[in-house]
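Worksheet: one structure, shown below.
6 protein chains.
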Amino acid sequence: MPYVNIRVTNEGVTSAQKLELIEGVTDLLTRVLSKDPATTFVIIDEVETDNWGLNRESITTRRRCPKAAV
Amino acid sequence: MPYVNIRVTNEGVTSAQKLELIEGVTDLLTRVLSKDPATTFVIIDEVETDNWGLNRESITTRRRCPKAAV
Amino acid sequence: MPYVNIRVTNEGVTSAQKLELIEGVTDLLTRVLSKDPATTFVIIDEVETDNWGLNRESITTRRRCPKAAV
Amino acid sequence: MPYVNIRVTNEGVTSAQKLELIEGVTDLLTRVLSKDPATTFVIIDEVETDNWGLNRESITTRRRCPKAAV
Amino acid sequence: MPYVNIRVTNEGVTSAQKLELIEGVTDLLTRVLSKDPATTFVIIDEVETDNWGLNRESITTRRRCPKAAV
Amino acid sequence: MPYVNIRVTNEGVTSAQKLELIEGVTDLLTRVLSKDPATTFVIIDEVETDNWGLNRESITTRRRCPKAAV
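Residue numbers (our numbering), protein chains in the order written: chain A, 1 to 70; chain B, 101 to 170; chain C, 201 to 270; chain D, 301 to 370; chain E, 401 to 470; chain F, 501 to 570.
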């Protein structure tokens, strides 16, 4: 019955990667808290880089200077 | 002044259905908690089926086996 | 498989009222979108009145002038 | 380390306005709570007007009667 | 720069378990999406069992019938 | 009609500081997007330091080494 919301920037996360995240988070909750996968929700939100701010900048801007790994 | 967030998969919810949800939730909060509709927010998020996981699967996958009504 | 989050101020919502909200929202999603109650989450957050702002005021302050029904 | 989520209707917010919101919120949290901008997240969600309800109406409907400034 | 919100019922999750969840989710995002742990937020919300509804019941009620593993 | 959710750690934010955040965010949305304060929600969540993870650590742990300003 856990609800997990993963928010990342909208930068090409593949279906396979989404499934890996869904499986990984569900397994983690089963292992650590014995939660039932049948009622474990995992929801992935993909946010435009203009719409995500860090250190007073948008990620669109940060992406232009390669050193800023986020 | 309630804030209600309804998250469902992005599978063709019509404008009329959205309005039914908005009216239904607002009326419920007025009836149960005497909340003022004029400051009751209802926000509907529609999530891609790839992005919603249940029981270690994405809803895209679950939709392929008809018995899985969710 | 819907996820519904209801946020209201922490002002004495009873267990019975919470159950009415849970039942009401679940029934609404079944009626309007044919969603399965067995995988419908309803989560109620109760927020302190100091922590909820409307019209540049906290609800604590607004509660002191009776006309402000929210 | 604050996380701030701003939800507004999807009605043409420009990149420049988004940056103003990111900078404004980050500066506010630095000034009021001495938070470090380098770990301050600001995420802006743009919601379709059909998907946002207020006073039992969708914002799409409210926009049709000009007096309803929201 | 991911933001992950884990919502579970407030039923005695220990500090050690919370740390396991924080480490597990952060490692998963590093492995799958090469995200930087230094800007990966994991926030755990613990929700009262009266405030969490599933299948038209509160978890408080469901806990009284042992078969309902959630 | 904006909804703004500010999540910070539960480390003694005063009522006066909360009001400053409410006023500051509301004024920012009025200035940048001409939003009406009368329908602008600002909700502040205070999260226990055990429940907030950054860089694979809880904030409880990070607080023990003073350089980690977050």
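Virtual Cβ for every residue (Gly too), placed ideally from N, Cα, C. Please read these numbers as outputs of a predicted model, since none were measured by experiment.
Mind listing the chain E neighbours of V547 (chain F)? Cutoff is C-beta to C-beta under 9 Å, in chain order.
-> Sequence index remark: in the sixth sequence, residue 547 (chain F) carries index 47 (1-based). Correct list: I443, I444 and D445.
So, is G112 (chain B) buried or exposed, given that buried needs 16 or more other C-beta atoms within 10 angstroms?
-> Residue 112 (chain B) sits at position 12 when you count from the first residue of the second sequence. So G112 (chain B) counts as exposed.
Who are the near neighbours of N310 (chain D) in its chain, counting only those whose CB is closer than 8 Å to its CB and skipping five residues on each side?
-> By 1-based counting over the fourth sequence, the position of residue 310 (chain D) is 10. Correct list, in chain order: E346, V347, E348 and T349.
Tell me whether R331 (chain D) is buried or exposed, calling it buried when 16 or more other Cβ atoms sit within 10 Å of its Cβ.
-> Here residue 331 (chain D) corresponds to residue number 31 of the fourth sequence, with the count starting at 1. By the neighbour-count rule (16 or more Cβ atoms within 10 Å), R331 (chain D) is not buried but exposed.
List the residues of chain B that P37 (chain A) touches, going by C-beta distances under 7 Å, in chain order.
-> Within the first sequence, the letter at position 37 stands for residue 37 (chain A). The contacting residues are N155 and R156.
Chain-ordered chain E contacts of D550 (chain F) [CB-CB under 7 Å] | In the sixth sequence, residue 550 (chain F) corresponds to position 50, counting from 1. The answer, in chain order, is S415 and K418.
Given that a residue counts as buried once 16 or more other Cβ atoms are within 10 Å of its Cβ, and exposed if not, what is R7 (chain A)?
-> Taking the first sequence and counting its residues from 1, the one referred to as residue 7 (chain A) is at position 7. Buried, because 16 or more other Cβ atoms sit within 10 Å of the Cβ of R7 (chain A).
Closest by CA to N305 (chain D), which one among F:E520, F:T514, F:Q517 and F:V525?
-> Position 5 of the fourth sequence holds residue 305 (chain D). Nearest of F:E520, F:T514, F:Q517 and F:V525 to N305 (chain D), Cα basis: F:V525.
Do T340 (chain D) and P302 (chain D) have their C-beta atoms closer together than 9 Å?
-> Residue numbering aside, residue 340 (chain D) sits at position 40 when the fourth sequence is read from its first letter. Residue numbering aside, residue 302 (chain D) sits at position 2 when the fourth sequence is read from its first letter. Contact: yes.
Residues of chain A with a CB under 7 Å from the CB of R107 (chain B): which are they?
-> The sequence position of residue 107 (chain B) within the second sequence is 7, counting from 1. Ordered by position in chain A, the residues that pass the 7 Å Cβ test against R107 (chain B) are I43.
Got a sec: is the Cβ-Cβ distance from V532 (chain F) to anything in chain C below 9 Å?
-> Along the sixth sequence, one-based indexing puts residue 532 (chain F) at 32. So, not an interface residue.
Bridge partners of T346 (chain D), per DSSP?
-> Position 46 of the fourth sequence holds residue 346 (chain D). Note on identity: in this sequence residue 346 (chain D) is Glu, with Thr being the wrong assignment. D:V308, per the DSSP bridge assignment.
Label S215 (chain C) either buried or exposed according to how many other C-beta atoms from any shown protein chain fall within 10 Å of its C-beta, with 16 as the threshold for buried.
-> As a working note, residue 215 (chain C) is residue 15 in the third sequence. Exposed, since its Cβ has fewer than 16 Cβ neighbours within 10 Å.
Alpha-carbon spacing of I33 (chain A) relative to R156 (chain B), whole angstroms | In the first sequence, counting from the first residue as 1, residue 33 (chain A) sits at position 33. In the second sequence, counting from the first residue as 1, residue 156 (chain B) sits at position 56. A small correction: the amino acid at residue 33 (chain A) is Leu; Ile does not occupy that position in the sequence shown. L33 (chain A) and R156 (chain B): Cα-Cα distance of roughly 16 Å.
Tell me, please, whether the CB atom of T526 (chain F) is closer than 9 Å to any CB atom in chain C?
-> Mapped onto the sixth sequence, residue 526 (chain F) falls at position 26. True, the Cβ-Cβ gap to chain C drops below 9 Å.
Which listed residue (A:V42, A:K35, A:L28 and A:I44) has its alpha carbon closest to that of E423 (chain E) | On the fifth sequence, position 23 is the one that residue 423 (chain E) refers to. Measuring from the Cα of E423 (chain E), the nearest candidate turns out to be A:L28.
Mind checking whether the beta-carbon of E111 (chain B) lies closer than 8 Å to any heavy atom of the ligand FMN?
-> Absence of the ligand FMN from the depicted structure is noted, as is the absence of any ligand whatsoever, leaving it without description.
Sub-9 Å separation of K235 (chain C) and G453 (chain E) beta-carbons | Position 35 of the third sequence holds residue 235 (chain C). Position 53 of the fifth sequence holds residue 453 (chain E). In this structure, G453 (chain E) does not lie closer than 9 Å to K235 (chain C) by Cβ.
Among A:V42, A:E20, A:N51 and A:A38, the one whose alpha carbon lies nearest that of I344 (chain D) | The residue you call residue 344 (chain D) lines up with position 44 of the fourth sequence. Cα-wise, what sits closest to I344 (chain D) is A:N51.
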